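Chemist: Numbering (this note's numbering), first residue to last: 309 to 799.
For glycine and all other residues, C-beta sits at the position ideal for the given N, C-alpha and C.
The model shown is predicted, which means the values in this text are computed figures rather than measured ones.
The structure under discussion is supplied below as structure tokens; questions concerning it will follow.
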């Protein structure tokens, strides 16, 4: 295969290993010398601290300090010399201290060589990197004054650190190349052991793609690939069973087609109803508009009447189209329901206050005894539209005593809102059809107040979107439309 996993796996592993070796080589070449020198400096400061403590405690000649000094000098390859104020040797780690004595006196009484690199300088000591021309070697040394009576110098050779770093890098390169080659061969072999069962699984999946479910994976490694093989075996069994079930589901598809045909019929019926509802107002608008155009009546009062009819019919059409658009959004789930807690009593009370003028114009008395807050769950704006439809129907059909009674009854963890209006009960045969689009019990009366027959369909769609109950009840002296909402219970 052109893009074999084995090749990719080996290339990635070898690349990572080579990158790691190169990184180590770079770090070794860049920072090893600095680390080595910092370590030497730390050793000098440590030995200086011990020397200072010995001088301050007058233990310079004690066996304990001499043993510690001998160990440090041998372990870290150090040379130490201490002189008194008369330039006499007080403590020395070397048998021949003349060169060190000369170097210390030169540091104390002469200017510092500008070629020397000062690494740290305090009032008591100086740490510097120097080249000694007498021994042709490079040293790191610390020298200074102990108390008021001693001069000291401690030094250690750098021992060709640059050569040591170069040697270490060459050795690391050789080892890295050999390790990369050996690891590449091993990973090539291991990746082959991994990819062989994968190729077997690929062949099984190819046969399954051609609906051949007899192939079965056989593995004995008991690893993740074997687990995948077992799952593919189960998948093969499931697919074979599913194909059988699909044939059964084909019958269900026929039912779906029949349902689609029903929806098409409903769409045709909807278009027929809409065209029927629009036909009368369009004809009226057209007739009165042509009358104005042809100048049938020249007096201002008649022209004003014609214009009022046109405006009224256009307003009815506009209102009906708004309701149809709202109903369409609700029925097809395009309108989001926002469930929230709100006071249904306050909502109804506010609406009744705004509709007070309309009720008084129709000489209707509106009654509502509930004044205490009742908190419920629902979409506040949609519930207001439900109540508005109920109340508008009550206004338009209120006769007899001309009373509209609004009530809120709490029961079984829900609140039932009911809008009752006095008047004639709805015929029993019409009750099941009240919620259908464009259904009108009394078409003449509905036409009189501009009803579209869509309001209760909107109520139905809203209440179904919130999974709540709604309905209508006939009484001897009137009709009550109701809906229910879930009560908000305080924990």
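To the nearest angstrom, how far is the alpha carbon of residue 525 from that of residue 538?
Modeler: Their backbone Cα atoms lie some 7 angstroms apart in a straight line.
Chemist: Is residue 380 buried or exposed, if buried means 16 or more other CB atoms sit within 10 Å of its CB?
Modeler: Per the 10 Å Cβ criterion, buried.
Chemist: Checking 8 angstroms against the spacing of the C-beta atoms, do residue 681 and residue 720 come in under that value?
Modeler: In this structure, residue 720 does not lie closer than 8 angstroms to residue 681 by Cβ.
Chemist: Taking the DSSP output, what are the residues bridged to residue 662?
Modeler: DSSP lists no partner for residue 662.
Chemist: Going by Cα to Cα distance, which pick from 611, 661, 771, 736 is closest to residue 689?
Modeler: Among 611, 661, 771, 736, the Cα nearest to that of residue 689 belongs to 771.
Chemist: For the putative contact between residue 464 and residue 354, defined by C-beta atoms under 8 angstroms, what is the C-beta separation to the nearest angstrom?
Modeler: Contact doesn't hold; Cβ gap of about 12 angstroms is too wide.
Chemist: Have a look at 488, 443, 366, 546 and flag the residue whose alpha-carbon is nearest the alpha-carbon of residue 806.
Modeler: Not covered by the structure: residue 806. The range shown for the chain is 309 to 799.
Chemist: Below 7 angstroms CB to CB, which residues in the same chain sit around residue 713 once its five sequence neighbours on both sides are set aside?
Modeler: So the list reads 675, 728, once near-sequence residues are dropped.
Chemist: Three-state secondary structure (DSSP) at residue 465?
Modeler: It is a strand residue.
Chemist: Indicate whether residue 780 and residue 742 have their beta-carbon atoms separated by less than 8 angstroms.
Modeler: Cβ distance < 8 angstroms, so residue 780 and residue 742 count as in contact.
Chemist: How many angstroms separate the CA atom of residue 597 from the CA atom of residue 609?
Modeler: The alpha-carbon atoms of residue 597 and residue 609 are separated by roughly 15 angstroms.
Chemist: I think residue 428 touches residue 435, with their Cβ atoms under 8 angstroms apart; what is that distance to the nearest whole Å?
Modeler: The Cβ separation is near 4 angstroms, so the contact holds.
Chemist: Going by C-alpha to C-alpha distance, which of 393, 422, 387, 418 sits closest to residue 406?
Modeler: Closest option to residue 406, Cα to Cα, is 387.
Chemist: Which same chain residues, not among the five before or five after residue 408, have their C-beta less than 8 angstroms away from its C-beta?
Modeler: Only 387, 389, 400, 402, 461, 463 meet the Cβ criterion.
Chemist: Considering just the uninterrupted stretch of the beta strand (DSSP E) at residue 429, what are its terminal residues?
Modeler: Element bounds for residue 429: 425–429.
Chemist: Taking the straight line between their C-alpha atoms, what separation do you get for residue 778 and residue 669?
Modeler: C-alpha separation (whole angstroms): 29 angstroms.
Chemist: According to DSSP, is residue 455 helix, strand or coil?
Modeler: Correct three-state label for residue 455: coil.
Chemist: Under 8 angstroms between the Cβ atoms of residue 766 and residue 697?
Modeler: Result yes, Cβ atoms of residue 766 and residue 697 sit closer than 8 angstroms.
Chemist: Determine the extent of the alpha helix (DSSP H) in which residue 763 is found, giving its start and end residues.
Modeler: Its alpha helix (DSSP H) spans residues 763–773.
Chemist: Going by Cα to Cα distance, which pick from 716, 724, 768 is closest to residue 740?
Modeler: Checked all of 716, 724, 768; the closest Cα to residue 740 is 768.
Chemist: Pick helix, strand or coil for residue 795, following the three-state DSSP scheme.
Modeler: Three-state DSSP puts residue 795 in a strand.
Chemist: Which word fits residue 753, buried or exposed, when buried means at least 16 other C-beta atoms lie within 10 angstroms of its C-beta?
Modeler: For residue 753, the predicted structure reports a pLDDT of 44, less than 50, and the residue's modelled location is therefore unreliable. A value from the coordinates is still provided. When all chains shown are included, residue 753 counts as exposed.
Chemist: With DSSP as the reference, label residue 595 as helix, strand or coil.
Modeler: DSSP places residue 595 in helix when its eight states are reduced to three.
Chemist: I'd like to check one pair, residue 437 with residue 419: are the Cβ atoms closer than 8 angstroms?
Modeler: No, these two residues do not count as a Cβ contact at 8 angstroms.
Chemist: For the candidate residues 383, 474, 369, whose alpha-carbon lies nearest to that of residue 341?
Modeler: Selected option, being the one with the closest Cα: 474.
Chemist: Quick one: complete beta strand (DSSP E) runs, 3+ long, within the region 337–404?
Modeler: Runs found: 386–392, 397–400.
Chemist: Which residues bound the alpha helix (DSSP H) around residue 523?
Modeler: From DSSP, residue 523 is part of no alpha helix (DSSP H); its letter is neither H nor E.
Chemist: Please classify residue 560: is it buried, with 16 or more other beta-carbons within 10 angstroms of its beta-carbon, or exposed?
Modeler: Classification for residue 560: exposed.
Chemist: Using CA coordinates, which residue listed in 442, 691, 358, 595 is at the minimum distance from residue 649?
Modeler: Here the closest residue by C-alpha is 691.
Chemist: Does any heavy atom of the ligand ATP sit closer than 7 angstroms to the C-beta of residue 494?
Modeler: Summarising the ligand content, the structure contains no ligands, and the ligand ATP is consequently not present.
Chemist: Tell me whether the region 497–504 and the region 314–323 touch, counting them as touching only if at least three CB pairs, one residue from each stretch, are closer than 8 angstroms.
Modeler: Yes: at least three Cβ pairs fall under 8 angstroms.
Chemist: Just to confirm, is the Cβ distance from residue 722 to residue 655 under 8 angstroms?
Modeler: Taking 8 angstroms as the Cβ cut-off, residue 722 and residue 655 do not qualify as a contacting pair.
Chemist: Determine the extent of the alpha helix (DSSP H) in which residue 698 is found, giving its start and end residues.
Modeler: Taken as a continuous stretch (DSSP letters only), the alpha helix (DSSP H) holding residue 698 covers 688–705.
Chemist: Within 10 angstroms of the Cβ of residue 507, are there 16 or more other Cβ atoms? Answer buried if so, exposed if not.
Modeler: Its Cβ having fewer than 16 others within 10 Å, residue 507 is exposed.
Chemist: So that I know if they touch, is there some Cβ in chain C lying closer than 8 angstroms to that of residue 744?
Modeler: You won't find chain C in this structure, because it holds only one protein chain.
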